[in-house]
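Residue numbers (our numbering): 158 to 271.
Structure follows, in structure tokens:
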């Protein structure tokens with residue numbers, strides 16, 4: 158994701174796993190939250206992500222973008238659930254995307270940061 162470094166921005170990536178420690182995100186200008194589509198019809202988000210975001214602080218009034226790694230079905234519900242998760246913490250979701258490859262689509266992500 159060199160495209161972030163070229164803009165002069167600092168990029169911190171937190172990979173959320175079981176037992177991940179939550180962070181204070183108040184120093185971040187934007188929060189990008191993504192996950193794969195897990196099930197075709199339910200739009201479920203991995204429980205690790207849900208637990209992590211619920212424990213994070215500093216999301217109030219924070220601009221955020223959600224993205225998913227799409228499948229044939231379930232994309233819309235997964236995006237909606239990610240948006241709901243962040244909005245419940247007080248974040249303003251300004252955009253949502255479906256990306257296939259994080260390395261190739263990093264320019265697409267950056268173009269949505271305003």
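Note that CB positions come from ideal geometry on N, CA and C, so glycine has one too.
- Buried is the label assigned to residue 243, since at least 16 other Cβ atoms lie within 10 Å of its Cβ.
- The three-state secondary structure of residue 268, taken from DSSP, is helix.
- Pairing residue 191 with residue 238 gives a Cβ-Cβ distance that is not under 9 Å.
- Judged by beta-carbon spacing, residue 253 lies within the 9 Å limit of residue 222, meaning their Cβ atoms are closer than that value.
- The C-alpha of residue 233 lies about 15 Å from the C-alpha of residue 250.
- Per DSSP, reduced to three states, the secondary structure at residue 242 is helical.
- In the three-state DSSP reduction, residue 191 falls in the strand class (E or B).
- Rounded to the nearest whole angstrom, the CA to CA distance from residue 179 to residue 230 is 30 Å.
- Residue pairing from DSSP leaves residue 170 without any beta-bridge partner.
- For residue 225, the enclosing beta strand (DSSP E) covers residues 220-226.
- Distance from the CA atom of residue 214 to the CA atom of residue 258, rounded to whole angstroms, is 29 Å.
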